[in-house]
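In this note's numbering, the protein residues as written are 1 to 690. Each residue gets a CB set at the ideal place from its N, CA and C atoms; glycine is no exception. Contents: one structure, followed by commentary.
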């Protein structure tokens, strides 16, 4: 039975296509079941394997994880793997090319990003009145550094610091004794370097004043010039004077800005020197190339210190006519002796002379040398108020091919002789319609040389003026304190002892110390007194208390800067004038591709009701109040046919439309755009070609 079972085993294995192993068959020759070594060696030779060839082939050719390169290469040439590999390769190539092309296309059609001097309002600081850090009663550079958080709190990223050069302070610091040093009253050069570092650490930019027209009579250049020392002999404008009966007869009838003759006799040189401003501020001779080079070196010095830009002041006075003819009087019946006021002459020979803009372009060229580093563009503004001659002001923009200032500072809103909806429209329209194509506007409602808003036009108009400032296209400039509605101090509290110079006393009331809180001296100084008196209203008008009021001037200011920063139509869209009358000024801000529109209804007169639907029939029937000078009105829905505004009230209305005003034929000449851009909802990006 055992033998039968043993013999049947290979048959079963064969049927199952297994392996037949004769080693398991009992050897009949060895019934005692013993084997010798020779038989054991031959046993493997008697083994036979029954294997299916197809199964073996399939087992060998099937890929498996971890197979060596030699095996892998056997499969790489097979069609199913080769074709798949080639498809993936060309898909990757096509995708890469498409990505590169899309990137190039987006860059090509994208508008230029707004630069830092366009994207943020500018906050102008008079350093002597901002914050005192050492209890001497004078604001200083360390004080500015202490209060940088206030700038960021206002959602502002650019600071403009007025002159802080070493100076006798005869004209509040604008006549420099040394262009390369800080006046000790403001601190040291180390303080300035620390301030620059702190400003940049917070992501802010800083602009400084530079008045190249003149120096102090204490300047080393002037001392060398009056002694006729070397190259400095002609650094200033000297002319012989006629002396008669103990008095000096000037070379001509030219009058200084501060009044009386612009010529001053010098006992050392025995000649008269020319001064457009005070007699302590002799004019530099810009027809001397060495003088121009000195100013270029000064620009390079401060840019090297990290300054992000300059405001060049009084540049229209840089050149005078060489022929020295008398300037024509406004009233021809007046003779030479009776002309003592600056306004009595037409200043044809002492302002905006031929060659002036060549000098300014030279300043621009020097600044451009420092603008090559990405993200470090150096801003250039010109601070000259031509007032009646808007075309002369626009020349400071330069031309299409030759750049000068990024913009001349705009004082139209300050120079208005009276306040009304019509006068505000004229001030805005005058700038926008005369500005060269592609240039960038700017606006200011306060400055160190003009009465504050509250004093100039009334407290009730502070909020609406700030609303105008921050919703117009372009760069708004805010003079320190206007964000809380500060007023001028009473003139009787200011005397010449505060500055030791009569002509500038009139500009002191708007330079009173910043009002930080309700403590003694308004938190400006911890000393016993301040260089100018603090306004008596400081306990109710200060940063600390207004920060806690939701309906304060400061809170509205912050809400407006946020709106400007966050809404595309407000920072680079169209501005279209809708309506103006004696009371209101109405305009919209729009952007191609966006159906959201902002409409400003600003009251600069008396209570009024305006039907805008009658003026623009395509306007929607209702709009939502986004912001209001009366905070309780925010969020309300107003009827476009019946918009009521009180004296000094301002509304920012928001609505949606498929028919923006700037596309309407009736408003073609009433719409302006500086940096044109269009919005794509599908791609969520801006592009140029609308």
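- The beta carbon of residue 277 sits closer than 7 Å to those of 171, 214, 256, 257 and 258, all from its chain and outside the five residues before and after it, given in chain order.
- Rounded to whole angstroms, residue 123 and residue 410 show a C-alpha spacing of 15 Å.
- For the set 469, 63, 97 and 98, the Cα lying nearest the Cα of residue 81 is the one of 63.
- Taking all protein chains in view, the Cβ of residue 134 is surrounded by fewer than 16 other Cβ atoms within 10 Å, so the residue is classified as exposed.
- Rounded to whole angstroms, the gap between the alpha carbons of residue 619 and residue 657 is 8 Å.
- In the three-state DSSP reduction, residue 402 falls in the coil class, being neither helix nor strand.
- Around the C-beta of residue 412, 16 or more other C-beta atoms lie within 10 Å, and the residue is accordingly described as buried.
- C-alpha of residue 371 to C-alpha of residue 205: approximately 14 Å in a straight line.
- The stretch 587-647 contains, as complete alpha helix (DSSP H) runs of 4+ residues, the segments 612-615 (chain order).
- Residue 380 is positioned such that its CB atom lies closer than 8 Å to that of residue 310.
- With contacts defined as CB atoms closer than 8 Å, residue 574 and residue 662 qualify as a contacting pair.
- Counting only runs that start and end inside the stretch 220-308, the alpha helix (DSSP H) elements of at least 4 residues fall at 220-226 and 289-304.
- In the structure shown, the three-state DSSP call for residue 409 is coil.
- Rounded to whole angstroms, the gap between the alpha carbons of residue 338 and residue 261 is 11 Å.
- Excluding sequence positions up to five before and after residue 145, its CB lies within less than 6 Å of the CB of 195 and 198, all in the same chain and listed in chain order.
- Residues 253 and 326 of the same chain have their beta carbon placed closer than 8 Å to that of residue 336, with the five preceding and five following residues left out of the count.
- Taking a cut-off of 8 Å on C-beta distances, the stretch 94-111 does not touch the stretch 540-553, as fewer than three cross pairs fall below it.
- Nearest Cα to residue 429 within the set 685, 477, 289 and 577: 577.
- DSSP, reduced to helix, strand and coil, places residue 89 within a helical segment of the structure shown.
- Under the 8 Å Cβ criterion, the stretch 476-489 counts as touching the stretch 450-461, having at least three qualifying pairs.
- Separation of the CB atoms of residue 250 and residue 263 is rounded to 4 Å, and the pair is thereby assigned contact status at 8 Å.
- For the 8 Å CB-CB criterion, residue 352 and residue 387 do not form a contact.
- Counting along the chain, no beta strand (DSSP E) covers residue 529, and no H or E run does either.
- Taking all protein chains in view, the Cβ of residue 91 is surrounded by fewer than 16 other Cβ atoms within 10 Å, so the residue is classified as exposed.
- In the DSSP secondary-structure assignment, residue 671 is bridged to 576.
- Its chain contains 177 as the residues whose beta carbon lies nearer than 6 Å to that of residue 219, once the 5 sequence neighbours on both sides are disregarded; these appear in chain order.
- Taking a contact as a CB-CB distance under 8 Å, the pair residue 285 and residue 234 counts as one, their CB atoms being some 6 Å apart.
- Of the candidates 607, 664 and 331, 607 places its Cα closest to the Cα of residue 643.
- Between residue 129 and residue 514 a beta carbon distance of about 6 Å is seen, short of the 8 Å cut, so the two are scored as contacting.
- Within the DSSP secondary-structure output, residue 313 pairs in a beta bridge with 383.
- 8 Å or more divides the Cβ of residue 422 from the Cβ of residue 648.
- The DSSP assignment places 122-125 as complete runs of the beta strand (DSSP E) inside the stretch 61-134, in order along the chain (cut-off: 3 residues).
- Judged by DSSP secondary structure, residue 680 falls within the beta strand (DSSP E) whose first and last residues are 678-680.
- It is roughly 20 Å from the alpha-carbon of residue 425 to the alpha-carbon of residue 408.
- Bounds of the alpha helix (DSSP H) holding residue 557 are 553-566.
- Bridge pairing for residue 141: absent [DSSP].
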